[in-house]
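Chains as they are written, first to last, in this note's numbering: chain D, 1 to 564; chain P, 1 to 186. Heads up: the structure comes next, in structure tokens.
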């Protein structure tokens with residue numbers, strides 16, 4: 001057990017140590033300062049020239065959001081069409097994979113453009129290599145870059161002294177791809193490749209095993225897809241079992257690399273905030289608030305999993321290594337629970353164990369992480385969600401000290417608070433209403449065939465699915481048989497709303513703040529980088545989330561915990 | 001028109017870069033490492049009989065058994081059981097596997113069965129078992145092969161990986177291959 005605990009401590013330390021310099025680098029990329037990847041400039045300029053984009057044209061928030069939405073519309077059409085007709089494409093389909101059923105194609109296309117990567121199919125039998133590379137691999141770059149570029153717009157908006165322009169979406173989008181995501185992906189893909197993640201265009205191989213059984217082994221160009229899957233808080237696995245599959249995550253070393261990748265960019269973007277706005281102390285304060293929540297939730301999940309399942313103990317089986325149902329031996333329960341918490345705290349959604357078989361409260365931690373959805377969070381969008389909590393916390397703290405709330409020298413007024421409150425309430429609204437609808441259907445119709453598990457856990461499966469969709473996470477309690485039109489379409493709509501409104505609202509706030517007159521700090525200004533404000537911020541996040549979600553958690557994992 | 005040109009050209013060019021050139025670049029590197037890029041195949045008598053990291057179904061008494069699998073080690077349909085911790089179906093199957101194991105491995109007490117031998121893996125093709133899960137099977141294997149327990153034990157010890165970080169484990173396919181070779185040497 002010592003080597004397992006040591007393993008996860010190493011992962012945590014590596015994340016923090018690596019994300020700090022990366023944050024500094026990202027801030028430079030956002031500002032357009034000199035960086036070592038400037039050799040990409042000719043490629044970028046060529047792309048801008050051919051598409052008629054002036055990357056230096058400053059745009060206001062509305063123009064930027066229009067650009068973002070139009071581009072994402074093209075992404076959606078491309079993904080949807082390719083999934084439908086993948087069997088008609090003459091190349092890169094050695095296994096002869098069929099086209100997708102339309103509701104599944106809709107769900108999967110939305111899932112990949114929204115950086116969610118919920119998968120109601122299994123990669124081995126559901127996607128051609130063409131789809132894996134030109135949709136799945138591609139979307140995992142550009143959807144991640146969309147979120148990061150949106151965050152960069154907000155940073156610019158917050159830095160403006162009094163002007164309406166907040167940067168150029170196209171410029172930030174392309175540079176995020178070429179200068180942040182691409183170099184890291186190449187590095188990680190090579191590491192995975194050298195450790196036994198396949199990268200071949202050969203189709204599935206049928207072999208005779210040592211004992212003489214005939215089996216078919218799925219291969220494919222997996223290494224490059226898995227690298228960006230981990231780095232861009234995507235989570236869309238090449239193989240069905242995701243990073244539990246021995247090809248997708250061959251050993252403990254690759255597990256360390258992949259788990260660090262989950263948090264690398266989300267953490268770096270917090271530091272980047274401090275560097276970009278020249279508020280390093282504030283950046284570190286936010287980092288500490290997030291880390292406190294992340295580490296305490298994760299530690300609880302690890303403990304529950306390492307303790308094992310009391311019902312298995314009752315059978316008379318010792319669980320020296322903890323809860324092994326749905327776990328891989330090479331990772332063990334500690335690294336599995338650590339991953340599960342990492343992947344839900346960010347909106348990554350990849351998994352190296354089966355979340356459905358976790359002990360009740362470890363599953364509850366996954367759910368809580370996705371419900372809060374702003375502790376590091378998805379690349380770009382996680383910090384954007386956190387920005388909404390910042391606005392609310394500033395407003396409340398302002399009321400408490402009896403002053404007009406200010407954030408980085410800008411007055412926070414009714415307009416901003418209204419938008420922030422609505423965006424924060426959207427998440428519980430989407431989750432709870434849809435879970436209520438599906439629960440109602442499941443309760444009046446015993447033969448939906450949706451649920452693998454009875455009772456409280458069945459409810460948790462539905463709650464988890466919608467929470468994951470709204471948080472754009474992508475992990476699932478896979479016992480939910482979700483590849484039916486009801487789930488494909490409901491999930492799809494929730495992913496779309498849960499993706500784009502929480503980008504547009506905050507960017508609008510940043511646009512509005514950018515236009516306001518800058519008020520220099522004075523004696524009476526609320527110190528955002530103080531401990532007192534850190535505690536108010538922490539309390540706001542915990543209280544809002546608890547009030548919204550506790551009843552649902554009580555019916556699901558908490559009831560299950562007390563029943564065993 | 002401007003909308004179409006801007007977005008279509010941008011999508012086509014970035015598709016080329018991130019959907020074609022990037023994966024082909026990594027694939028090109030893989031050409032220098034064919035063993036890894038092909039998924040680390042295991043070759044016996046010129047035939048691929050498995051992949052180092054893909055678990056296989058071992059049911060014969062003379063082999064070390066791997067973990068229970070929701071898909072019977074069918075790698076094209078790799079899945080977990082998805083059973084929740086309180087699901088009666090899970091507890092029933094664990095009970096049944098334990099009873100079966102005790103019958104097939106006489107002399108073992110229930111409390112000595114390592115939990116990884118009665119619970120299913122996440123991938124359904126877990127290549128490994130814990131060292132305890134290997135050691136507990138030695139008497140059965142030695143008896144079935146008519147060889148000394150000590151020689152099987154010695155071999156097993158060789159295949160136990162005890163890393164500084166992460167859990168100790170044994171690759172079942174590699175161990176079974178060595179086991180077959182051990183007999184030949186005798």
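We put the beta carbon where it would ideally sit given N, CA and C, even for glycine. For clarity, every value in this text was computed on a predicted model and none was experimentally measured.
Residue 272(D) to residue 148(D), Cα distance in whole Å?
Rounded to whole angstroms, residue 272(D) to residue 148(D) spans 11 Å at the Cα level.
Using a 10 Å radius around the Cβ and a threshold of 16 neighbouring Cβ atoms, would you call residue 472(D) buried or exposed?
So residue 472(D) ends up on the buried side.
Does DSSP put residue 333(D) in a helix, in a strand, or in coil?
In the structure shown, residue 333(D) sits in a helix (DSSP, three-state: H, G or I).
Going by DSSP, name the residue or residues bridged to residue 43(P).
Answer is 48(P), bridged to residue 43(P).
Would you say residue 117(P) and residue 101(P) are within 8 Å of each other, going by their C-beta atoms?
Yes, the Cβ-Cβ distance between residue 117(P) and residue 101(P) is below 8 Å.
Find out if the Cβ-Cβ distance for the pair residue 462(D), residue 424(D) is shorter than 8 Å.
Contact: no.
Taking the continuous alpha helix (DSSP H) assigned at residue 489(D), which residues delimit it?
Element bounds for residue 489(D): 485 to 515.
Run through the DSSP bridge pairs and tell me what residue 205(D) is partnered with.
In DSSP, residue 205(D) forms a bridge with 217(D).
Assess contact between the region 279 to 286 of chain D and the region 64 to 73 of chain P, defined as three or more Cβ pairs (one per stretch) separated by less than 8 Å. Is contact present?
Judged by Cβ distances under 8 Å, the region 279 to 286 of chain D makes no contact with the region 64 to 73 of chain P, as fewer than three pairs qualify.
Residues of chain P with CB under 7 Å from residue 453(D), in chain order?
Those within 7 Å of residue 453(D) in chain P are 83, 84 and 87.
If the cut is a Cβ gap below 9 Å, which residues of chain D does residue 182(P) touch?
Per Cβ cutoff of 9 Å: no residues; residue 182(P) is ~14 Å from chain D at best.
Tell me whether residue 432(D), by its Cβ, gets closer than 7 Å to a heavy atom of the ligand MN.
Among the ligands in the structure shown, none appear at all, so the ligand MN cannot be discussed.
Determine the DSSP secondary structure at residue 355(D), reduced to helix, strand or coil.
Correct three-state label for residue 355(D): helix.
Run through DSSP, which three-state label would residue 447(D) get?
Three-state DSSP puts residue 447(D) in coil, outside helix and strand.
Once you ignore the five residues that flank residue 382(D) on each side, which residues in its own chain have a CB closer than 7 Å to its CB?
Cβ neighbours of residue 382(D) beyond the five flanking positions: 266, 346, 347, 374 and 376.
For a cutoff of 8 Å on Cβ pairs, would you count residue 91(P) as touching chain D?
So yes, residue 91(P) belongs to the interface.
Checking 8 Å against the spacing of the C-beta atoms, do residue 545(D) and residue 349(D) come in under that value?
No, they are not a contact pair.
Have a look at 291(D), 110(D), 331(D) and 501(D) and flag the residue whose alpha-carbon is nearest the alpha-carbon of residue 163(P).
Of 291(D), 110(D), 331(D) and 501(D), the residue nearest in Cα terms is 331(D).
Helix or strand or just coil, what does DSSP make of residue 21(P)?
The answer is helix: DSSP assigns residue 21(P) an H, G or I state.
Let me check understanding here. Comparing Cα to Cα, which of 406(D), 170(D) and 48(D) lies closest to residue 566(D)?
What the structure shows of chain D is the stretch from 1 to 564, and residue 566(D) is not part of that stretch, so it cannot be assessed.
What separation, rounded to the nearest whole angstrom, lies between the Cα atoms of residue 378(D) and residue 498(D)?
Cα to Cα, the separation comes out at about 12 Å.
Find out if the Cβ-Cβ distance for the pair residue 111(P), residue 316(D) is shorter than 8 Å.
For residue 111(P) and residue 316(D), yes; Cβs fall inside 8 Å.
Could you please give the first and the last residue of the uninterrupted beta strand (DSSP E) stretch that includes residue 169(P)?
169 to 171 is the span of the beta strand (DSSP E), which, as asked, contains residue 169(P).
Residues in its own chain within less than 7 Å of residue 558(D) by CB, not counting five upstream and five downstream?
Closer than 7 Å at the Cβ level, and outside the excluded window around residue 558(D), lie 364.
For the region 455 to 467 of chain D, list every residue whose C-beta sits within 7 Å of some C-beta in chain P, in sequence order.
Per Cβ criterion, the list reads 457.
Going along chain P, which residues have a C-beta under 8 Å from residue 208(D)?
Going along chain P in sequence order, the residues near residue 208(D) (Cβ under 8 Å) are 47 and 49.
Start and end of the alpha helix (DSSP H) containing residue 78(P)?
Neither: residue 78(P) is in no alpha helix (DSSP H) and is coded neither H nor E.
Following the continuous alpha helix (DSSP H) through residue 27(D), name the residue where it begins and the one where it ends.
Its alpha helix (DSSP H) spans residues 2 to 31.
Report the CB separation of residue 326(D) from residue 307(D) in whole angstroms; it is logged as a contact under 8 Å.
Residue 326(D) to residue 307(D), Cβ: 16 Å. No contact.
Could one say the Cβ of residue 135(P) lies closer than 8 Å to chain D's Cβ atoms, at least one of them?
Cβ-Cβ to chain D under 8 Å: no for residue 135(P).
How big is the Cα-Cα spacing for residue 305(D) and residue 367(D)?
Distance between the alpha carbons of residue 305(D) and residue 367(D): 15 Å.
On the premise that residue 311(D) lies in contact with residue 47(D), defined as a C-beta separation below 8 Å, what is that separation, rounded to the nearest angstrom?
Wrong, their Cβ atoms sit about 57 Å apart, outside the cutoff.
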